[in-house]
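Residue numbers (this note's numbering): 103 to 331.
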């Protein structure tokens, strides 16, 4: 007899770590296949077809290591069997972005986050919407970081990771809003006194102007910043 996973899902097709416990194999044609799951004989059986192929999907398996033995007995009373051990993982990893986001004025930003320590070594993909802008490797303590380049305006970032069994999770979104253009500020003398109102020769140093609403204006006089705002 033979026995194998129908799909060894995830990063490797041969590591016996899977999110899908379905089995298939071959044996004596048109014969019942008995299954023993972790040492307990299952009440559910499979039957080979005319070519000797059989399939079986165990139900109710918890995540973890399992051994399933398939066996057949021929008309002479001889029994043949095959055994398969695999690790079932149907739980998606927990992934989060720990960077807080918000308004920034630099396009280059380091994005940090966490994934469960069980998934150390996995690759995290950072997306802006549906566009990949960076990747990171999960460290032994579950942390990860990646330096990305933002676009001007709002950037809605998520992190996506798949574990060894192929379970994929996506974090909640964190929004960075990039603006690299400073506000427009105007400045003029309140009164340009004297014989000309445009010569910038005045007896009154008061100045006024416009800028970003409800925002502090700082002053530099002759190259030196002053305390008054």
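Ideal placement from N, C-alpha and C gives every residue a C-beta, glycine not left out.
Counting along the chain, the unbroken beta strand (DSSP E) around residue 235 starts and ends at 233-239. Here the alpha carbon of residue 111 sits roughly 6 Å from the alpha carbon of residue 268. Closest in C-alpha terms to residue 319, from the list 161, 296, 289 and 193, comes 289. If you draw a straight line from the Cα of residue 231 to the Cα of residue 252, it is about 12 Å long.
Sorting 209, 234, 125 and 114 by C-alpha distance to the C-alpha of residue 170 places 125 at the top. Beta-bridge partners of residue 149 (DSSP): 134.
Checking the DSSP bridge columns, you'll see residue 276 partnered with 259. For residue 251, the enclosing beta strand (DSSP E) stretches over residues 245-251. In this structure, the straight-line span from the alpha carbon of residue 316 to that of residue 305 is close to 30 Å. Within the same chain, and ignoring the five residues on either side of residue 328 in sequence, the residues whose Cβ sits closer than 8 Å to its Cβ are 321 and 322. Residue 197 sits in a strand when the DSSP states are folded into three classes.
Contact annotation, residue 222 with residue 241: C-beta distance approximately 6 Å; criterion of less than 8 Å satisfied. Residues of the same chain with a CB within less than 8 Å of the CB of residue 181, apart from the 5 flanking positions on each side, are 173, 174 and 175 in chain order. In the DSSP assignment, residue 267 is bridged to no other residue. Collapsing the DSSP output to three states places residue 108 in coil. DSSP links residue 127 through a beta bridge to 105 and 156. Taking the CA atoms as reference points, residue 136 sits about 17 Å from residue 107.
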